[in-house]
Amino acid sequence: PPPVVSAVRDALGIKVSASGLVCQDTPGWTNRWPLCAYEDGGRRADFCPATPGAFWPSTQGWTCRAYEAKGWCNKEQGASSQLGPTKNFPEKHCCACGGGATIEKGKVEIAAQKEAEEKRLCYRHTGGTCRLSGTCGDFRGPVSCISGMCMCEKGYCTDATGTCRRDVGVVVARVAPVSRQNPFFPGRQAKVKTAVCISGGGSRSLSAAVGQLRALQALGVMEKVDLLSSVSGGSWAASVYMFAKATPATLLGPPANLSDLTLARLEELPSPLGAVATTHTNGIIVNLLTSGVPLQMIWVSTIAKAVLEPFGLGSLDAYMAADERAVEAIRGDNPQLRSRAFLTPRPGR
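When you number the sequence shown by our numbering, it's gap-free, plus one each residue, and the end is 1799.
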């Protein structure tokens, strides 16, 4: 099958035999051996996953994928010690060991999603305690001190780092592996020939990017660019350029003739995108703090309000997608996201 299909099958624990029989490993199964972290392969998350809400080496045990790779299902090779009740019956849960569930071909992903949703667990305990202080670290996100434990608030689940993330259920996504074995990007990204890259540097990078994009736009170069890549402060400019409803000419302003530059000209107000680089953020930070925004969200919220909000892009709950067609595909695969807001690049950018 194509690399994307193979990656999805691997992620869902799905095996297809030569005869076409489809088998799926029990989602989330492990043999409950907590010391797998210290053994060969123990640093691989797909072999020895970390305990939710905790850090490595706190692990859940070996997975079906580890059993298959290590040959523990083969009794003839002396692997019987890895089977049975003391190892949580891999022979009942792993396809490689003769277990798992047989699924009708063509309904694999649907069945896997339904089963994962039914067995999905939302861990609210972050692993932190608050018995002495009565408070929890702001870095954990939306969290409350309950009975001496730092617990995620309702609607949030803890991740492997002990941080509370919004609970969006089981998300179905198309995963494309890019590696030495599959050295090509999927879809339109495989056809990229020309790219513009913008480095970081806070408001200085944003200001420089405005001039750079303005010049490239005026020269007719941007319409021939396949990809815009940016980091940090460069992304402040790139995100507005890509997603704002205003035209590039409005966002960037007209190109300047160097021979016409005077001190009076330099004192004029910059273009809308350049103007956000002059925003004073101290007042924004004070307002956010007094309104109860957690410390770990202050920087993100400040940039959202100062740089993105003037262009209607300040929401911290919106998702991004390549285009409207991709949005429909995502919502179709994930009904729980139908009411969520999505941002897509403006046509032609």
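For glycine and all other residues, C-beta sits at the position ideal for the given N, C-alpha and C.
{"Query": "CA-CA distance, G1550 and P1477?", "Result": "9 Å"}
{"Query": "Measure the beta-carbon distance from G1417 to S1655 and round it to whole angstroms, keeping in mind my assumption that it falls under 8 Å.", "Result": "Residue 1417 cannot be examined here, being either before or after the span of the chain that is shown, 1451 to 1799."}
{"Query": "In chain order, what residues of the same chain lie with their CB nearer than 7 Å to the CB of I1734, ignoring the 5 residues before and after it?", "Result": "T1752, K1755, A1756"}
{"Query": "What is the C-beta distance between R1482 and G1521, in whole angstroms, given that I count them as a contact (C-beta under 8 Å)?", "Result": "About 20 Å; that fails the 8 Å criterion."}
{"Query": "How many angstroms separate the CA atom of S1680 from the CA atom of H1730?", "Result": "24 Å"}
{"Query": "Looking at F1761 and K1695, is the spacing between their C-beta atoms short of 9 Å?", "Result": "yes"}
{"Query": "Go through its chain and collect everything with a Cβ distance to G1612's Cβ below 7 Å, but skip five positions before and after it.", "Result": "G1503, T1576, G1577, G1578, R1590"}
{"Query": "Which of the three DSSP states, helix, strand or coil, is assigned to Q1474?", "Result": "strand"}
{"Query": "Quick check on S1508: does DSSP put it in helix, strand or coil?", "Result": "coil"}
{"Query": "According to the neighbour-count rule (16 or more other Cβ atoms, all chains shown, within 10 Å of its Cβ), is M1672 buried or exposed?", "Result": "buried"}
{"Query": "If you check the beta carbons only, do P1535 and T1513 fall under 9 Å apart?", "Result": "no"}
{"Query": "Locate the beta strand (DSSP E) running through L1677, then write down its first and last residues.", "Result": "1677 to 1680"}
{"Query": "Please state if the CB of A1659 and the CB of A1687 are separated by a distance shorter than 9 Å.", "Result": "yes"}
{"Query": "On the three-state DSSP scale, how would you describe Y1691?", "Result": "helix"}
{"Query": "With a cut-off of 8 Å on the beta carbons, I'd call L1663 and L1702 a contact; round off their distance for me.", "Result": "6 Å"}
{"Query": "Taking 9 Å as the threshold (C-beta atoms), are Y1606 and V1593 in contact?", "Result": "yes"}
{"Query": "Output the distance between the C-alpha atoms of A1640 and A1487, rounded to the nearest integer angstrom.", "Result": "37 Å"}
{"Query": "Hey, how far is the Cα of Q1746 from the Cα of R1624?", "Result": "31 Å"}
{"Query": "According to the neighbour-count rule (16 or more other Cβ atoms, all chains shown, within 10 Å of its Cβ), is T1803 buried or exposed?", "Result": "Since the first and last residues shown for the chain are 1451 and 1799, residue 1803 lies out of range."}
{"Query": "Restricting to Cα atoms, I'd like to know which of T1644, V1620, P1698, C1545 is closest to V1472.", "Result": "C1545"}
{"Query": "So, is V1736 buried or exposed, given that buried needs 16 or more other C-beta atoms within 10 angstroms?", "Result": "exposed"}
{"Query": "Taking the alpha carbon of P1785 as the point to measure from, which residue in L1485, G1619, T1794, D1676 has its own alpha carbon closest?", "Result": "G1619"}
{"Query": "According to the Cβ coordinates, are G1598 and C1580 closer than 9 Å?", "Result": "yes"}
{"Query": "Could you give the residue range of the beta strand (DSSP E) that holds A1658?", "Result": "No beta strand (DSSP E) contains A1658, which is instead part of the alpha helix (DSSP H) from 1652 to 1668."}
{"Query": "Which word fits R1509, buried or exposed, when buried means at least 16 other C-beta atoms lie within 10 angstroms of its C-beta?", "Result": "Note that residue 1509 corresponds to Thr in the displayed sequence, not to Arg. T1509 should be labelled buried."}
{"Query": "Hey, L1723 and V1690 are a contact pair by Cβ (cut 8 Å); roughly how many whole angstroms apart?", "Result": "5 Å"}
{"Query": "With which residues is I1464 paired in a DSSP beta bridge?", "Result": "Q1474"}
{"Query": "Could you compute how far the alpha carbon of K1643 sits from the alpha carbon of D1676?", "Result": "7 Å"}
{"Query": "Using C-beta distances below 6 Å, list every residue in its chain close to S1584, excluding the 5 sequence neighbours before and after it, in chain order.", "Result": "Residue identity differs from the one stated: residue 1584 is Gly in this sequence, not Ser. C1595."}
{"Query": "Taking only three categories from DSSP, how would you classify S1709?", "Result": "helix"}
{"Query": "Give the DSSP-derived three-state secondary structure of A1551 in the structure shown.", "Result": "strand"}
{"Query": "Take the Cβ of T1608 as the centre, count every other Cβ of all protein chains shown within 10 Å, and call the residue buried at 16 or more, exposed below.", "Result": "buried"}
{"Query": "Roughly how many whole angstroms lie between the Cα atoms of S1629 and G1764?", "Result": "34 Å"}
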